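Residue numbers (the UniProt record's numbering): 1 to 53.
All C-beta atoms, glycine included, are put in the ideal place defined by N, C-alpha and C.
In this text the structure is predicted, and so the values were computed from the model without any measurement.
Structure first, commentary second.
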């Protein structure tokens with residue numbers, strides 16, 4: 001992973017969590033809305049999984 005990809009990944013993680021928390025959404029609510037598992041949302045926020053684009 002190059003520096004640009006690493007920065008994108010970190011920004012994505014932070015932005016996802018910040019946006020979710022600012023709106024007082026649970027991980028489960030976001031997961032249900034997107035049609036994915038809650039554990040995937042948690043992994044996105046931790047940076048251990050990247051979404052498929």
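Here the C-alpha atom of residue 39 lies approximately 26 angstroms from the C-alpha atom of residue 4. Residues 13, 16, 17 of the same chain have their beta carbon placed closer than 7 angstroms to that of residue 45, with the five preceding and five following residues left out of the count. Taking C-beta atoms under 8 angstroms as the contact rule, residue 36 and residue 27 fail to qualify, at a distance of about 10 angstroms. Under the three-state reduction of DSSP, residue 5 is assigned to helix.
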